[in-house]
Amino acid sequence: MVKQRKSTPEANSVRRLEIHGFRRLASLSLEMRPLMTLIGANGVGKTSLLDAVMLLSASAQTELNQALSTHGGLPSLLTRRGDDDLSLQAEMPVPGHKPLRYQLRLAPQGPGYRIAAESLTQEREGRHGDPFKHIDSVNTRVRYFDIQSKDLIEPTWSHDPLETTLSQVPRMFGEPESLRKALSSVTLYHALDVGPRAPVKLPQAMRPATHPGANGEDLVTYLYYLRESDRSRFESIEDSLHAAYSDFEELSFPPVAAGMLTMTWRSRGFTKPFYAHELSEGTLRFLWLVSLLQSPALPTITMIDEPEVSLHPELLSLLADLLREASARTQLIVATHSDRLIRFLNPDEVAVMDMDEGGGASAVWADSLDLDSWLAEYSLDEVWRMGRMGGRA
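560 is the number of the first residue of the sequence shown in our numbering; add one for each residue after it.
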């Protein structure tokens, strides 16, 4: 039984995502929320959803051709049941007005692909009929709304047919530009590399940094820069470390060469500090996650794949709090297999992915399921393990 979720205004950068013909995502429509934690068994489409969002992001950055090549071409992404095209749609709310809808449809063409259709539209307030069109393209007929002429026109400049019109048109109105920037900003983070020669373990150049880097390549300089320029944010990171590690005292950043810094971790009971390369994998990954989620330069949309890797189960309560706090500053999409992490989340923060009868992926928000009686006696992770939410192998 599914119960209706009350409709509430969302301040998300993207309110709804629709994906058709992408691997197992044969036909998926999902409401987007500030914190979206995707759960489900292997092979139900969690990674495909992240990859589809990254493809949508590439389409807003003139990187569509490169992204498709990275995945082995469009045919390798199409659903394995005869689908002959792939389509993506994102909807962004506009305060006080109807939402913007961006749609992109790709179709195979020989060994490559073509942009079969692309549109960016907005329903008109209090009016019936066709929506306002910022972009209206079908195959090679490309048109966009020109601010000066106030009409749909064809490009008078060199238009790359393998890249979207969204990524190439001159500056549009404020709201369409906001959508383009939101999609362009999407960043996907995988488990931090903590191998012997990983960037996070090496000395780093001293320079301003507002982000620890996808591979921790700027973690040391970022933390040092925060300590010197944003002390309260740096102290928030140290507070999280104090909460996670009872013997933690402080981080320091001694120079090791001209313009190069390293990082040390001081613990109670030890006369000498530990250097970054001496810390455990779990400690390094937790420090990186805390630093990332506290960054003042988080993109509009942030995606993290399996943040629980190497973390002790007792750290997952802290991680859930950090994810929730960061979701006030970035739209956060997390994919996880961790029962323990789910224990510390709310049903309205968890989307359950499963396979439908036809083998395609489905997704449903946990708070739209009839779970109240179960949650009165069990925690959310226990309800999931009992199979009451789906998303199990």
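Where a beta carbon is used, it is the ideal one built from N, C-alpha and C, also for glycine.
Quiz item: So, helix, strand or coil for D864, using DSSP?
Solution: strand
Quiz prompt | Validate contact between the segment 747–766 and the segment 856–869 using beta carbons, cut 8 Å, 3 pairs | solution = yes
Quiz prompt | Assigned exposure category for M651 - 16 Cβ within 10 Å defines buried | solution = buried
Self-check item: Member of I796, A626, Q763 whose CA lies at the smallest distance from the CA of L820
Solution: Q763
Quiz item: Exposed or buried, which one is S850 when buried takes at least 16 other CB atoms within 10 Å?
Solution: buried
Quiz item: Can you list the alpha helix (DSSP H) stretches of 4 or more residues lying completely in the segment 686–768, in chain order?
Solution: 733–743
Quiz item: Roughly how many angstroms separate the alpha carbons of E684 and K657, rounded to a whole number?
Solution: 7 Å
Practice problem: Return helix, strand or coil for M613, following the three-state DSSP convention. | Solution: helix
Exercise. Take P670 and list the residues in its own chain whose beta-carbon comes closer than 8 Å to its own, dropping the five residues that flank it on each side.
Key: G632
Exercise. Report the partner residues of V893 according to the DSSP bridge assignment.
Key: T596, I863
Quiz item: Which residue from L615, F581, Y783, P872 puts its Cα closest to that of I860?
Solution: L615
Quiz item: Residues bridged to Q681 by DSSP?
Solution: L659, F691
Quiz item: On the three-state DSSP scale, how would you describe D798?
Solution: helix
Quiz item: Which ranges does the beta strand (DSSP E) cover as unbroken runs of at least 3 residues, wholly within the segment 791–838, from first to last along the chain?
Solution: 807–811, 814–816, 823–826
Self-check item: Residues sharing a beta bridge with W933, DSSP
Solution: Partner(s): none; W933 has no beta bridge.
Exercise. Could you pull out every residue in the same chain whose Cβ sits closer than 7 Å to the Cβ of G580, ignoring the five residues on either side in sequence?
Key: L637, T638, D642, D644, L645, S646
Practice problem: Say whether the segment 900–907 touches the segment 927–947, bearing in mind that this needs 3 or more beta-carbon pairs closer than 8 Å, one atom from each stretch. | Solution: yes
Quiz item: Would the beta-carbon of R792 fall within 7 Å of that of Q853?
Solution: yes
Exercise. State yes or no: is the C-beta of F812 within less than 7 Å of the C-beta of Y783?
Key: yes
Exercise. Just confirm the distance between the C-beta atoms of L878 and L900, as a whole number of angstroms; I'd bet it's less than 8 Å.
Key: 7 Å
Quiz item: Rounded to the nearest angstrom, how far is the Cβ of L891 from that of L627, given a contact under 8 Å?
Solution: Going by Cβ atoms, the distance from L891 to L627 rounds to 26 Å, so no, they are not a contact pair.
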